[in-house]
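Q:
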Amino acid sequence: MNNSFIIAGVMGWPVAHSRSPLIHNHWIHQFNLSGAYGFFPVQPNNLESAIRGLQALGLAGCNITIPHKVNAMTYVDWVHPLAKRIGAINTIVVQPDGALHGFNNDGFGYIQSLLDAQPNWRANTGPTVVIGAGGAARAIVVSLLDAGATDIRVINRTHDKAEEFAQEFGAAVSSVKWNAREDALADAALLVNTTSQGMHGEPALNLSLSNLPKSALVSDAVYIPLETPFLKEARLRGNPTVNGLGMLLHQARPAFQAWFGVMPEVDQALYEKIARTI
Ligand code: NAP
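So the sequence shown is numbered by my numbering: it starts at 863 and just counts up by one.
1. Please classify HIS930 as buried or exposed, where buried requires at least 16 neighbouring CB atoms within 10 angstroms.
2. Since TYR1133 is in the alpha helix (DSSP H), which residue starts that stretch and which ends it?
3. Identify every residue that forms a DSSP beta bridge with ASN925.
4. Determine, using beta-carbon pairs with one atom in the stretch 1005 to 1018 and one in the stretch 1027 to 1037, whether at least three such pairs fall under 8 Å.
5. Please report whether the beta-carbon of ALA1120 lies at a distance below 8 Å from any beta-carbon of chain B.
6. Taking the alpha helix (DSSP H) that PRO883 falls in, what are its first and last residues?
7. Between ALA1048 and PRO1091, what straight-line distance do the alpha-carbon atoms span, to the nearest angstrom?
8. From this set, ALA995, ASN1105, GLY1060 and GLY971, which residue's C-alpha is nearest GLN1029's C-alpha?
9. Compute every distance between the C-beta of ALA995 and the non-hydrogen atoms of the ligand NAP, then say whether any falls below 7 Å.
10. Please identify the residue among ILE948, LEU921 and ALA1078 whose C-alpha is closest to the C-alpha of ASN986.
11. If the criterion is Cβ atoms closer than 8 Å, does the pair PHE901 and GLN1113 meet it?
12. Thinking C-beta only, is ILE951 closer than 8 Å to ILE926?
13. Is it buried or exposed for MET863, if we count other Cβ within 10 angstroms and need 16 for buried?
14. At the level of alpha carbons, what is the spacing between VAL941 and GLY964?
15. Out of curiosity, what's the CA-to-CA distance linking MET935 and GLY871?
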């Protein structure tokens, strides 16, 4: 393991709300490593120089968050094929030769969060319904496909974007019109909200669950609050639910491994530490 002091951080604008420093510093402390993870507030017009500066400053790399995930791709030297398919990066790793490599671990985080809730979960158990067609949806759909999903229905308020998913990702992905969204739930095994609806300060997702089988796993990318109105409705009618915090915690693991050389776990202590901040 590297004996030098290892520094990483999260680049975003604004970034003060990010939980990533708490997560990574928890693991640095847990493994008794010599290093630190900080906040890098970077305005959009400074993104290129900030990314180029990672190597010059001797940093191990950084996470990339809103609003930089798409634009940051253009300023790294190499983008992992998975991140290319997603169309965004959330992690940069500075290589020993100084090259900047971009990755996207959001979809990994999502799949791991489902496995935390249901260790025997399989992507091909039945149809998946994805509400939303933004960045989180792209990461989740690509990862579900790679996990073996064969029937993913994307439903978005702006239907054209859902249709683009269907065109781009092939036969396993179809689009359903927003006004038919409740019919699409009838045989679903997995339902995920990837819109910002239900987030603190936003109205609840406008979706009745009455057609959804009670066995369907219901998940939300939103983690503020931990239980959105959508997840609450699902829980009260008897569906198993997964909130967005697991996705956030698990996406951090491969990045931590790349920078600090240890693959950390998401344990109860970390989950509760971050949950207390929400
Ligand atoms: P984004 O790219 O801006 O996409 C937003 C999506 O929400 C679009 O599909 C948009 O539909 C939809 N939407 C917005 N307002 C709506 C409304 N009133 N009714 C119906 N749909 C609406 O955002 P994103 O990056 O995908 O993030 C989405 C959410 O996921 C955020 O809450 C974010 O915090 C969360 N997230 C969580 C994690 C995690 O680790 N847990 C990771 C990434 C993102 P239109 O196309 O019609 O505008």
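Even glycine gets a Cβ: it sits at the ideal position worked out from N, Cα and C.
A: Checking against the coordinates, here is how it stands:
1. buried
2. 1130 to 1137
3. The partner list for ASN925 (beta bridge, DSSP) reads VAL872 and THR953.
4. yes
5. The displayed structure is made up of one protein chain only, and chain B is not part of it.
6. 882 to 892
7. 20 Å
8. ALA995
9. Indeed, a heavy atom of the ligand NAP lies less than 7 Å from the Cβ.
10. ALA1078
11. no
12. yes
13. Any reading at MET863 needs caution, since the residue's pLDDT is 44, under 50, leaving its predicted position unreliable; the model's value is listed next. By the neighbour-count rule (16 or more Cβ atoms within 10 Å), MET863 is not buried but exposed.
14. 5 Å
15. 17 Å
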